[in-house]
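Contents: one structure, followed by commentary.
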Amino acid sequence: MISRRTVEVIFAAFTASFGAVIAYGATEFGVGWSPSGPEPGTFPFYIGCLVALASFANLASALASPSFAQTVFMTRQQGWRILMFVLPIAGFVILALLLGLYLATAIYLFAVMFWQGRYPLWHAGLVALGLPVFLFLVLEKGFQVPLLKGPFEAALGL
Numbered sequence: 804m805i806s807r808r809t810v811e812v813i814f815a816a817f818t819a820s821f822g823a824v825i826a827y828g829a830t831e832f833g834v835g836w837s838p839s840g841p842e843p844g845t846f847p848f849y850i851g852c853l854v855a856l857a858s859f860a861n862l863a864s865a866l867a868s869p870s871f872a873q874t875v876f877m878t879r880q881q882g883w884r885i886l887m888f889v890l891p892i893a894g895f896v897i898l899a900l901l902l903g904l905y906l907a908t909a910i911y912l913f914a915v916m917f918w919q920g921r922y923p924l925w926h927a928g929l930v931a932l933g934l935p936v937f938l939f940l941v942l943e944k945g946f947q948v949p950l951l952k953g954p955f956e957a958a959l960g961l
């Protein structure tokens with residue numbers, strides 16, 4: 804069992820480190836005022852400092868709260884539901900890089916609708932084919948915004 808306090812402490816340390824890295828990196832571009840106004844690193848520096856400070860406040864809150872030590876962060880069932888949400892999205896990203904955005908969208912929609920949503924096969928197939936075609940017509944043809952294409956689109960000459 805992982806307690807909520809453990810997760811809060813780990814995440815607060817992670818976000819504090821992230822804020823510190825942002826603030827440190829911003830100093831490379833100059834922090835402060837120049838004759839023409841704020842230097843390029845001023846805004847990122849202060850945002851990084853703000854993130855780090857907020858993280859330390861979260862850390863203090865997690866360490867001070869006695870209820871966080873007894874509270875379970877996530878049950879097995881909750882973890883499984885999150886995994887069933889994240890894995891298809893990760894698969895979609897990998898497929899989009901390998902096969903192109905339109906084919907990956909069709910595969911993702913079909914899989915999620917059919918297996919997770921329990922939609923009928925014909926309904927999942929219709930949406931999985933219809934939406935990528937609609938997006939292609941609107942984005943590529945209508946607005947002339949090219950999106951990531953793969954070997955399937957190249958074979959069709961799109």
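At position 69 of the sequence shown the residue is numbered 872 (this note's numbering), and the sequence of numbers has no breaks. Beta carbons: idealized from backbone N, C-alpha and C, even for Gly. Owing to the predicted nature of the structure, the values given are computational and were not obtained by experimental measurement.
When the alpha-carbon of residue 930 is set against those of 912, 946, 944, 919, the nearest one is in 912.
Counting the other CB atoms within 10 Å of its CB gives residue 825 a total of 16 or more, which places it among the buried residues. In the structure shown, residue 839 falls within a coil segment according to DSSP collapsed to helix, strand and coil. Where residue 895 is concerned, the enclosing alpha helix (DSSP H) starts and stops at 879-902.
For residue 921, no alpha helix (DSSP H) segment is defined, and its DSSP state is neither H nor E. The Cβ neighbour count for residue 837, taken over all protein chains shown within 10 Å, is under 16; the residue is labelled exposed.
Contact between the region 813-831 and the region 843-856 is present: three or more C-beta pairs spanning the two stretches fall below 8 Å. Check the Cα spacing between residue 855 and each of 888, 957, 817: the tightest is with 817. Between residue 806 and residue 888, the C-beta gap is not smaller than 9 Å, which leaves the two residues out of contact. Residue pairing by DSSP places residue 936 in no beta bridge whatsoever. Assignment of beta-bridge partners to residue 952 by DSSP yields 903. Of 875, 957, 820, 910, the smallest CA-CA separation from residue 927 is found for 910. Of the residues 874, 902, 811, 903, the one whose Cα lies closest to the Cα of residue 863 is 811. When DSSP states are grouped into helix, strand and coil, residue 854 belongs to the helix group.
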